[in-house]
Amino acid sequence: MINEIYSYLESFFETSKLNRLQENYGGGRIFSNPKVGVAQGDDPIFQKFKEVVGPEHLTPLELWLAEDQETIEASKLRILSIVFPFVDKIRNESKNIKKLSRVIVPAEIYSVGRNYANSFKQETCRQIIGFFEGNGYKAIAGMLSKSFSIILKKNFYSTWSERHIAFATGLGTFSLHEGLITDVGCNIRLASVVTDAPLKITTRKSDNPYGNCLYYAKGICRECEERCPANAIDENGHDKIKCYEYGQKVARKIIAKIGPILKPHIRCVNRKLRPPTYPVGCAFCQFGVPCMDKNPIIND
Ligand code: SF4
Ligand code: SF4
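Residue numbering for the sequence shown follows this note's numbering, starting at 628 and increasing by one per position.
Have a look at this one:
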């Protein structure tokens, strides 16, 4: 069945209008072909995520039950994680640093692609849920679930971290800049669906959470640190708060310039819906670095 799902996704990525830039940005695709991975619902790593992400992070079974699905053995659930790689055009145009009223901001084409990504990811999840239901199975998605929330304490995290879910399926590992480095690089977006369809599991090659990052694996590189305009990366890792604050500065500049074409996104924070925002990202640390579009450990 995984081959059918992949073909379905490939065709959806090709034809969906939500995966297209506007004509003045070339009208091309935002994301190239996806990658997929599958984990089993009772994988002990999901309990471990309660320690490494936060106690509110849901196991697949908790997410399933929170969506009013009938109870099921955790081992019967499958978690399908989907990688959305940004196309080369966006990656190449984003390598150069640009300044907008003295603030270093990403290329406009990336800001638009990053902003449009949310609606495309959500629709992809809906389509895959429909695919499973059409084949007689049930399915839900963390990002569409009423139990999804950002938990804001001293730090912040979500109740369903797509990066951790993708790691569980063996699609990639974490890194110095805290992105997930997959075989198609770190400049990606992620989504996932939980289903009772008996998908074949894709095993993790290693439980080492940092195996694909040149700094953690070999003590070299740190190019992401050099590219960060906010000094949010150093040898100890990525400072989420500094990164968030810089991202807000970028968003103010980009929204002032191209606000009318951006799509709103509603977030749930500490279980309450917030007013719409217009996420545009920053991601300098992902462009023009060895892990941008590949796993640098395999391709070193
Ligand atoms: S740029 Fe280098 S150090 Fe930074 S995350 Fe990528 S591989 Fe790791
Ligand atoms: S997203 Fe921007 S601010 Fe955050 S770590 Fe990367 S380069 Fe720095």
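Note that beta-carbon positions come from the ideal geometry of N, C-alpha and C, so glycine has one too.
Consult DSSP for residue i and reduce its assignment to one of helix, strand or coil.
i: C851; result: helix
i: K662; result: strand
i: S638; result: helix
i: Y784; result: strand
i: R729; result: coil
i: I846; result: The identity of residue 846 in the sequence shown is Gly, whereas the question assumes Ile. If DSSP states are grouped into helix, strand and coil, G846 belongs with coil.
i: G864; result: strand
i: H892; result: strand
i: V679; result: helix
i: R705; result: strand
i: G763; result: coil
i: L690; result: helix
i: F801; result: coil
i: L900; result: strand
i: Q696; result: coil
Answer yes or no: do residue i and residue j have a C-beta to C-beta separation smaller than 8 Å?
i: R776; j: S708; result: It is worth fixing the name first, because residue 776 is Ser in this sequence and not Arg. Their beta carbons are not under 8 Å apart, which means S776 does not touch S708 by this criterion.
i: N897; j: L817; result: no
i: F711; j: K748; result: yes
i: G654; j: L798; result: no
i: S802; j: C909; result: no
i: F758; j: I632; result: yes
i: V907; j: N742; result: yes
i: G668; j: L688; result: yes
i: L690; j: G769; result: yes
i: K869; j: A859; result: yes
i: S788; j: H892; result: no
i: D695; j: N814; result: no
i: I657; j: P856; result: no
i: Y784; j: G681; result: yes
Please name the residue, chosen from the options, that lies closest to residue i on a Cα-to-Cα basis.
i: S638; options: Q754, V896, T786; result: Q754
i: K716; options: E789, F914, N922, I924; result: F914
i: E750; options: L803, T642, T829, E735; result: T642
i: R705; options: N839, G761, I756; result: I756
i: V679; options: T786, T822, K899; result: T786
i: L692; options: Q667, A857, A766; result: A766
i: T796; options: S772, M770, L826, F783; result: L826
i: A701; options: E694, T686, D695; result: T686
i: I736; options: E852, R647, C840; result: R647
i: K703; options: K867, Y764, R656; result: Y764
i: G864; options: I724, I893, L841; result: L841
Rounding to the nearest angstrom, what Cα-Cα distance links residue i and residue j in this structure?
i: N745; j: C895; result: 14 Å
i: K884; j: I672; result: 43 Å
i: T904; j: Y873; result: 16 Å
i: N651; j: R718; result: 17 Å
i: I699; j: V821; result: 12 Å
i: S782; j: E862; result: The sequence shown places Asn at residue 782, rather than the Ser named in the question. Taking the straight line joining both Cα atoms gives about 19 Å.
i: A824; j: K773; result: 22 Å
My understanding is that residue i touches residue j, with C-beta atoms under 8 Å, so please give their C-beta distance in whole angstroms.
i: F911; j: R849; result: The pair is not a contact, with the Cβ atoms about 14 Å apart (cut-off 8 Å).
i: N922; j: T809; result: 7 Å
i: I924; j: G838; result: 7 Å
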